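Undergrad: Residue numbers (our numbering): 1289 to 1381. Next up is a structure, given as C-alpha cells.
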Amino acid sequence: KGSEFRRDCERLMKRHDVKIQKANSKRSIGIVKRYNRTLAERLFRIQDVLDLLLPISEKSKVWVKNLPIIVKELNNSVTQLFKMTSAKAIQKK
1289 KGSEFRRDCE
1299 RLMKRHDVKI
1309 QKANSKRSIG
1319 IVKRYNRTLA
1329 ERLFRIQDVL
1339 DLLLPISEKS
1349 KVWVKNLPII
1359 VKELNNSVTQ
1369 LFKMTSAKAI
1379 QKK
C-alpha cells in the first residue's frame, strides 16, 4: 500500500504543478518545520476562537480564507535566522 499511496500522491502533485524538493540537510528540514509550525499557530489561533463560538456540530472554515493572507505575511516578514524576508531569500537563491 505504501508505494501505491506514494504513486497516487505524486500523480496528484503533478496534476497541480507541485514540485517535490528534498532537503539537503537537517538544517533545511528544521527551517521548514519552524515555518510550518508558525503557519499552523497563526492559522489555528483564529480557527480555535471561532470554533468556540459555533455549535459543536459546526466547524469554522475561516482558515481556508486566511491561508493566503498569512502565507504572504510570513513570506514578507524578516526572520531572525536570515535577517531578511523569506521572499527575498528565495530571490537570492
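Yeah, the Cβ is synthetic: ideal placement off N, Cα and C, and Gly gets one too. All values derive from a computational prediction rather than experimental measurement.
For V1366, name the three-state secondary structure that DSSP assigns.
TA: strand
Undergrad: What residue range does the alpha helix (DSSP H) around K1307 cover?
TA: Run containing K1307: none; DSSP gives neither H nor E here.
Undergrad: Determine contact between the region 1343 to 1360 and the region 1326 to 1335, defined as no fewer than three beta-carbon pairs at a distance below 8 Å.
TA: In the pairwise beta carbon analysis, the region 1343 to 1360 is classified as touching the region 1326 to 1335: at least three pairs are separated by under 8 Å.
Undergrad: With a threshold of 7 Å on Cβ separation, who are the neighbours of N1363 within its own chain once the five nearest residues in sequence on each side are excluded?
TA: T1373, S1374, A1375
Undergrad: For I1317 and Q1368, I'd like the C-alpha separation in whole angstroms.
TA: 17 Å
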